[in-house]
Amino acid sequence: MRYSKESLDAEKRKDSDKTGARLSTQGSQELPNSDSRGYVVRNQWSRTSRSPSTGAPSVDEPRSRNTVVKAPNSSATSRTSSTSPSQHETSPPPQLSEQTVQQQAPQNRPIAQLDSQPPTPPETEPNSRRTSKMYAGSDPWAPRENREARDLQLRDYAHSCDSREGMPKAREYPRTPPTEWKSYVQRRLDQEGQPDGQQQRQKQQMEEDEVDEAYWTSVSMLYEKIPSCARPRPPKPKHAITIAVSSRALFNMVDDRKIYEEEGLEKYMEYQLTNENVILTPGPAFRFVKALQHVNSRLRDLYPDEQDLFDIVLMTNNHAQVGVRLINSVNHYGLLIDRFCLTGGKSPIGYLKAYLTNLYLSADSEKVQEAIKEGIASATMYAGAKDMAYCDTQLRVAFDGDAVLFSDESEHIAKDHGLDKFFQHETLFENKPLAQGPLKGFLEDLGKLQKKFYAKDERLLCPIRTYLVTARSAASSGARVLKTLRRWGLEIDEALFLAGAPKGPILVKIRPHIFFDDQMFHIESAQKFGTITAHVPYGIAQKRN
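The sequence shown: position 537 = 537 (full-length UniProt numbering), numbered continuously.
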């Protein structure tokens, strides 16, 4: 009996150990076991083996996220015992309270479940708006239709979040209907497969387009035959013959000048602003400028792309505010003057070279002298004492010889040694060309343009005609002048040797648009007969005066 009693006690202890292991397998796949001292030992249960009395938890059983089965310690296991071996085999293991299980667990960590059943999704918090929208009906084991509904709910939720204040909005991209993306072959097939009515409308539209195109072609041909009224473009300065004209030379501003001299600059400015819409009357250089424009027009007719033209520049020391009245007057008379230089009281002589000026005409003799010293051909304009009719279809320019086209070397001899010594000197140096004077370059420019008309067989109808009107005697000193022009390669249409006679009556017959001379008594003589004159302040005659 004693032996049997001891063996019975040993069997009871073994059964109690097995009972504790069965309790651990109800909530965990691999539950650590502990010995009598409380140390965790290696689990004796296999992953696949299971006691007949220990089954997998049912799916229908309620599960709690906060309920975790803990490993029992040795003291709790020793207290759990059975009276007989049959009770351990037939009766279920005793249930432990939640407080006892929490005390027995060394750590609160979730234990992986033993079976292959997927875990249940986390429970939602009823008070959370975000989780209620995100997990509402979001069962991952639901069919495909349910998952699509869940994705739609998530997109709606994201859109509502983006619409909140302070949060960036989701970028929306337009979706092009697939029907718009067709290849060229498909579009052609669609057009060919259209009904007959639509094809008829397309054919009618094409016929109407052809009629419209024919109409506009006929209209354009009609307008091409009409002379163009567009303003011609000015020539390029590097090719053009630039003529700089002052405002007082182009227009009659005698009364304006008197206000400036008597009342001062402010009153002059006020007068110009008050009368800026009053058109100025023509000045001494007005007819000369009109004749230059006629030459340009003839050249454009013969050479449409011609750049060797006259370019008129209005060069004045007036203030910019006066420019409005000058522009109004230029447009009123139809003058093709596109370049202006308004210096506001400063001398414009410094701008003459910048404008590549070939000839400068002004009513201010002091500025003309400054330009002559700078090596620029210049002259002071004087109006005629009475009106005279001028030719509108031909530019007529008359030149004096000495100190204008030629240098003043012969005049030095005449003034210092008398006319006899002068005649002997000219005969002796008949074959020696004279040195050039200030206006020689302008005569060359005129001759270059004349040759363009000659090339088109327009010699008799050339719109440029030049004159030499000199006080020299043809027999004694005329040969040297003509040979000098020939050596220069220049042609003079008419040469008039007056042998000291007055020039006024001859100029009335010529009626030039401008007459250049270096001596004032010839200028005054021509003025009395109504000739527009231009005084060239160059040579020994200016020193004696």
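C-beta: ideal position from N, C-alpha, C; glycine also. The structure displayed is predicted, hence computed values, not measured ones.
Rounded to whole angstroms, I349 and R257 show a C-alpha spacing of 20 Å. Approximately 6 Å separates the beta-carbon atoms of E444 and L490; this is inside 8 Å, confirming the contact. One Cα belongs to V324, the other to I337, and the distance between them is close to 14 Å. Using a C-beta cut-off of 8 Å, the region 386 to 399 makes contact with the region 513 to 525, since at least three inter-stretch Cβ pairs fall below that distance. Distances from the CA of G500 to each of G478, I510 and I492 were compared; the closest alpha carbon is that of G478. Leaving aside the five residues that flank A534 on each side, the residues in its chain whose CB is nearer than 6 Å to its CB run, in chain order, A379, M381, I514 and F516.
I327 and V245 do not touch by the CB rule: their CB atoms are close to 15 Å apart, not below 8 Å. Annotation: the continuous beta strand (DSSP E) that includes M315 extends over F310 to T316. When the Cα atoms are used, F406 and F521 turn out to be separated by approximately 19 Å. Residue pairing from DSSP leaves M388 without any beta-bridge partner.
Here the alpha carbon of E409 sits roughly 8 Å from the alpha carbon of A435. V295 sits close to L449, with the two beta carbons spaced by under 8 Å. Just so you know, the alpha carbons of S347 and A471 end up roughly 35 Å apart. Note on the region 286 to 343: whole beta strand (DSSP E) runs with a minimum of 3 residues are 310 to 316 and 339 to 342, in chain order. DSSP places Y268 in the helix class (H, G or I) of the three-state scheme. For F406, no beta strand (DSSP E) encloses it, and the DSSP letter there is neither H nor E.
Membership of E262 in the alpha helix (DSSP H) is indicated by the continuous run V254 to E263. Sequence-distant Cβ neighbours of F453 in its own chain, meaning closer than 6 Å and more than five residues away, are C462. The beta-carbon distance between R298 and E306, rounded to whole angstroms, is 10 Å. This is too long to meet the 8 Å contact definition. With a cutoff of 8 Å on beta-carbon distance, I279 and H319 are scored as not near each other. As the crow flies, the alpha-carbon of S247 is around 12 Å from that of V289. Contact check for T531 and G441: beta-carbon distance about 23 Å, past the 8 Å limit, so the pair fails to qualify.
Here R233 carries a coil assignment [DSSP, helix/strand/coil].
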